[in-house]
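>
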Amino acid sequence: MKTKKSKILALVISIVLFGIIISGCYGPGAGCTGPGARGWSGFSGDNKTIYVGTMAGEVLALNPSARAKGLSFPSDGEWEYVIKMPSSGGSMCGPMLACGPGSTPVGVTIYGTPVVSSDLVYVGTYNGKVYALNSVTGALRWVYPREGNETIGAIVGDLVLHDGTIYLGSSNGKVYALDAETGDHKWEFLTGDRIWTSPAISDDIVYVSSYDRKLYFVSSKDGSELRHPLELPAVMCSSPVVFGDSIYFGTFDRNLYAVNKNDANIRWKFEGGNWFWSAPLVEGKTIYAGCLDSKIYAIDAETGMQLWQFDADDAIVSDPVFVDELIAVVSESGSMYLLNKSTGGQERTISIGYDVMAPLYAIGNIVYVHGRDDYVYGVDIDSGQITWKFKKVSK
Amino acid sequence: MEVWNIIVDAVLNGLIALSAMVGNNFGLSIIILTVVVRLILYPLTVRQTRSTKVMQELQPKIQELQKKYARNQQKLQQETMQLYKEAKINPLGCLWPMLIQLPVWIALYQSIMRALASTPEDLIQLSQSLYSWPIVTQALPLDERFLWLHLSKPDPYLILAVLVGVTMWVQQKMVTPPPTDPRQQSMTQITTLMMPLLFAMFTLSFPSGLSLYWAVSNIIGIIIQYFVSGGWGYLKKPSSAKSPPSKKLPPAEQQSKVLKGAYQEKKGILKK
């Protein structure tokens, strides 16, 4: 009888503990090591070819015309490059759990949007490597760091191409400048903590923020620090945007800041209901900022006063994009809103049908969306229809 | 589910605020919160420990009854219940405190997992659980370094795995009586080893912040067990299955009650 009771008790405890572990790892918002880092690459390119990084660690060149016709992949002008890594630099792994994005064997996650020059496509990976690929063939031109196992720490923000140099921030706390043609290391600048945002460059100054709550002003020429960093009240969560003589960014204290780029003084701050995670859009005297409080705010760039706000159905993680006189915004749950820039009036809503965290990209009247299902959606703004969708099936 | 999220969010924000108060040291805040929670639950833990202890002390008598009424299950149940009644315990009573504590452990566990937010996706998910308290917003992101550990990653030196496994084994060993039946010996040994080994294996893969919580929780459990039970319990006693049952005698008062009951019952049968 005792043995039976002990067995039952042991079974109950085991089931409960197993439940704890499962609910802790994979429950809503649990944040365990399982499905954590999947990436959210955006798009770059033109109406002939768009480039995107998939959640399986592939860089794709897609021909929108071929995708709209439903032709087999790869079609004319299309290619794929599968990034393979022997180990993980930024993601978590252990003896019992696979490294990198879930259990995908190629094991590379891409957060940053590919950057395109005249003949190369650049991609930074969460596993701490930068790749330069031929934009026509997809052949590897160079990789940094050069050695197979060597990494520089997880790259979460976008790469920035400026004057023949690739600039990027890494989770190892360093800003790197690489020669865009050769991948040669030009300089590096060490901050006090990891960098998860993109640098912004204007007038030969690299504006970059680290999780040490500082905004740095670094020379794009040689990586020297040009002025004392601006101490922020909280960590910067959105990538900075430089427009005119101001730098705009959101921080973890739920504010959107405007900082004078000449004297580094805070001009104004605007408080939202949560973090301004996505990079704000600026046009004329208006800033459009998506917030994790499920709102899109239009703010006067001069005064920081709210002009209008629009309530979405979920948090805004993706960067919004301008489409003609409209602004396209997508919520995390996949509702795309087309709003009037002047009034915030809702012109149209299009359901993507899946969660979206990647930045939007627009060419002409087509908005490209990268869903959490790893599908690329082509959305015709005029008709309000998803005209095509495509997912590369990993081998 | 909504209520559950409110509880987890409260623990999560408390943990982050605590971290800010102790100099942005998340490892220290995990230890402090674990200690605080275990102190709050101390009365329940003591009750559970005592119930478990009495239950174990009654085991020899229950075995006697099992032998005696091997062919009369109904009588066996009656006598067993009578024994529990005399000892003033509910056989399921020792489970209730544990069941009440479980939601607290789960909430603490999930809060640690959420707060560590090691990936960008996790960080966005975390934002939905945070209060607008300045102390919380300014504490983020948490510094994951603590001693030799990166709290969002497994301990590379396996120290925590050993610590979690050993402390859990000690805790179990303190309350697990050595089997009187040699046939049960291997089963008991496996049961005693299974959970520590399982958790040690989890520790190899899970964030060390969580392993830290397990280790601290186990150590506090051992301390409580030590003082409530008055020593190391069965950890220091011989675990040989060959030991006669008489070496694990319960307190004399309770034993006499059982024997007295058995004697009176026997007397009644003879009279009939």
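Top to bottom, those sequences are chains R and H.
Taking this note's numbering as reference, the numbering of the first sequence is continuous, increasing by one, and the terminal residue is 499.
Taking this note's numbering as reference, the numbering of the second sequence is continuous, increasing by one, and the terminal residue is 276.
All residues carry an ideal CB built from backbone N, CA and C; glycine is no exception.
For clarity, every value in this text was computed on a predicted model and none was experimentally measured.
(1) So with CB distances below 8 Å, who are the chain R contacts of H:Ser221?
(2) Out of R:Ile456, R:Thr255, R:Ile467, point me to the one whose CA is closest to R:Val427's CA.
(3) For R:Gly216, which of helix, strand or coil comes out of DSSP?
(4) Suppose contacts are defined by Cβ-Cβ distances below 9 Å. Is R:Pro344 in contact with R:Leu385 by that definition?
(5) Have a look at H:Met198, H:Met178, H:Lys177, H:Lys157 and flag the residue whose alpha-carbon is nearest the alpha-carbon of H:Leu216.
(6) Distance, Cα to Cα, R:Asn151 vs R:Ile391?
(7) Among H:Leu155, H:Lys177, H:Val232, H:Thr192, which residue has its Cα nearest to the Cα of H:Ile35?
(8) CB R:Ala402 to CB R:Ile485, shorter than 9 Å?
(9) Tell me which residues of the stretch 34-48 of chain H have at least one Cβ-Cβ distance to chain R shorter than 9 Å, keeping chain order.
(10) Give every residue of the same chain whose Cβ lies closer than 8 Å to the Cβ of H:Ile224, excluding the five residues on either side of it in the sequence, and list them in chain order.
(11) Whole angstroms is fine: what's the gap from R:Ile305's alpha carbon to R:Asn238's?
(12) Under the three-state reduction of DSSP, which class applies to R:Arg142: helix, strand or coil?
(13) In the DSSP assignment, what are the bridge partners of R:Thr269?
(14) Within the chosen definition, does the stretch 210-219 of chain R reach the stretch 254-272 of chain R through at least 3 CB pairs nearer than 8 Å?
(15) Does H:Thr56 pass the burial test, meaning 16 or more other C-beta atoms within 10 Å, or should it be called exposed?
(16) Spell out whether any CB of chain H is found under 9 Å from the CB atom of R:Ala368.
(17) Verify whether the separation of the beta carbon atoms of R:Val227 and R:Val480 is less than 9 Å.
(18) Going by other Cβ atoms of all chains shown within 10 Å of its Cβ, with 16 needed for buried, is H:Ala121 buried or exposed?
(19) Could you tell me the alpha carbon to alpha carbon distance between H:Leu127 and R:Ser422, rounded to whole angstroms?
(20) Does R:Gly140 get closer than 9 Å to chain H when you measure Cβ to Cβ?
(21) Taking the alpha helix (DSSP H) that H:Ile36 falls in, what are its first and last residues?
(22) On the three-state DSSP scale, how would you describe R:Thr229?
(23) Look up R:Pro199 in the DSSP assignment and say whether it is helix, strand or coil.
(24) Do R:Phe380 and R:Gly327 have their CB atoms nearer than 9 Å?
(25) Output needed in chain order: residues of the stretch 114-134 of chain H with a Cβ under 9 Å from some Cβ in chain R.
(26) For the ligand ADP, I want to know if R:Tyr352 counts as a neighbour, meaning its beta carbon is within less than 8 Å of at least one of the ligand's heavy atoms.
(27) From R:Leu443 to R:Gln450, what distance separates their C-alpha atoms?
(28) Look up H:His154 in the DSSP assignment and give the residues it is bridged to.
(29) Along chain H, in chain order, which residues have C-beta atoms closer than 8 Å to that of R:Arg358?
(30) Taking 9 Å as the CB-CB cut-off, is R:Ala405 touching chain H?
(31) Taking the alpha-carbon positions, what's the R:Lys445 to R:Ala393 distance?
(32) For H:Leu151, count neighbouring C-beta atoms within 10 Å of its own C-beta (all shown protein chains included) and say buried if the count is 16 or more, exposed if not.
(33) Measure the alpha-carbon distance for R:Val186 versus R:His266 and round it to whole angstroms.
(34) Mapping the DSSP letters down to three states, classify R:Phe414 as helix, strand or coil.
(35) Is there at least one Cβ from chain H nearer than 9 Å to R:Leu334's Cβ?
(36) Out of H:Ile228, H:Val50, H:Gln86, state which residue places its alpha-carbon closest to the alpha-carbon of H:Leu62.
In this structure, then:
(1) Near H:Ser221 there are no residues of chain R at all, since even the closest Cβ is about 12 Å away, more than 8 Å.
(2) R:Ile467
(3) Residue state, collapsed to three classes: coil.
(4) no
(5) H:Lys157
(6) 27 Å
(7) H:Leu155
(8) no
(9) Those residues of the stretch 34-48 of chain H that come within reach of chain R (Cβ to Cβ, closer than 9 Å) do not exist; the list is empty.
(10) Thr38, Val39, Arg42
(11) 25 Å
(12) coil
(13) For R:Thr269, which the question treats as bridged, DSSP gives the partners R:His266, R:Asp283.
(14) yes
(15) With 16 or more Cβ atoms within 10 Å of its Cβ, H:Thr56 is classed as buried.
(16) no
(17) no
(18) Flag for H:Ala121 reads buried.
(19) Using only the alpha carbons, I get a separation of about 14 Å.
(20) yes
(21) 30-44
(22) coil
(23) Annotation note: pLDDT 32 at R:Pro199 (below 50); position unreliable, no value reported.
(24) No; because the gap between Cβ atoms is not below 9 Å, this pair is not in contact.
(25) Gln114, Ile116, Met117, Arg118, Ala119, Leu120, Ala121, Ser122, Thr123, Pro124, Glu125, Asp126, Leu127, Ile128, Gln129, Leu130, Ser131, Gln132, Ser133, Leu134
(26) The ligand content of the structure shown is nil, which means the ligand ADP is not present either.
(27) 5 Å
(28) H:Arg149
(29) Annotation: Cβ neighbours of R:Arg358 in chain H (cutoff 8 Å, chain order): Ser136, Thr141.
(30) no
(31) 12 Å
(32) So H:Leu151 counts as exposed.
(33) 26 Å
(34) DSSP places R:Phe414 in strand when its eight states are reduced to three.
(35) Not closer than 9 Å to any Cβ of chain H, the Cβ of R:Leu334 fails to qualify, so no.
(36) H:Gln86
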